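With this note's numbering applied, the sequence shown corresponds to residues 37 to 169, in that order. We treat Cβ as the ideally placed atom computed from N, Cα and C, and that holds for glycine. Owing to the predicted nature of the structure, the values given are computational and were not obtained by experimental measurement.
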Amino acid sequence: MQPSHPSDIESRIQAAAERAEALPALPPEDIEAYRQVYRAIRAAPLPEMPADFARSMEQMTRDHAEQAMPEIWITRVAMFTVLAGIAASIPALGGVAAAFAGTAQALPWSTALAAALALAVAAMVDRVAGRSE
37 MQPSHPSDIE SRIQAAAERA EALPALPPED IEAYRQVYRA IRAAPLPEMP
87 ADFARSMEQM TRDHAEQAMP EIWITRVAMF TVLAGIAASI PALGGVAAAF
137 AGTAQALPWS TALAAALALA VAAMVDRVAG RSE
C-alpha cells in the first residue's frame, strides 16, 4: 500500500535511515548526513509572521473583482455567442434527427447490438483504466 501524503513518505524514509542495518547499500556516513539534515529541519524555528500580514493580504485582494472585469465580460460575451449558436442550429438538428430516424429503422438488429456492445466494452475499459491510475 502506497503512502498517501508526502509526510508519510518522509516518515518512512526517516525510519529507514534510523534502521541503518536495514539499508546495507548506504554507507553509514550518508545515513548520518541525512539524519543531521532532518534534525536541522525539524529544529529550525518557524519565521515570525509580519505584523501587517493580514492588512497586506487584504490590500492585495481588495480590488480583485475590478481587476477581473475584462475577463468577466469576455466570458459573458462568449457564453452568449455559444448559446446563440446552439439556438440557431436547432432547426438544422431537427432535419438531421429525422434523417437518422429513417436510417435507424433500416438498420439490422445485429448491427445495433454490436454497436451497443462496443460502447459497453469501451465504457468498461475506461472505468478499469481510471481505477489503475
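Taking 8 Å as the upper bound for CB-CB distance, A53 and R71 are in contact here, some 6 Å apart. In this structure, Q95 keeps its C-beta atom at 8 Å or more from the C-beta atom of Y74. Bounds of the alpha helix (DSSP H) holding E68 are 64-79. Shown here for I110: not one same chain residue has a beta carbon closer than 8 Å to its own, the five before and five after excluded.
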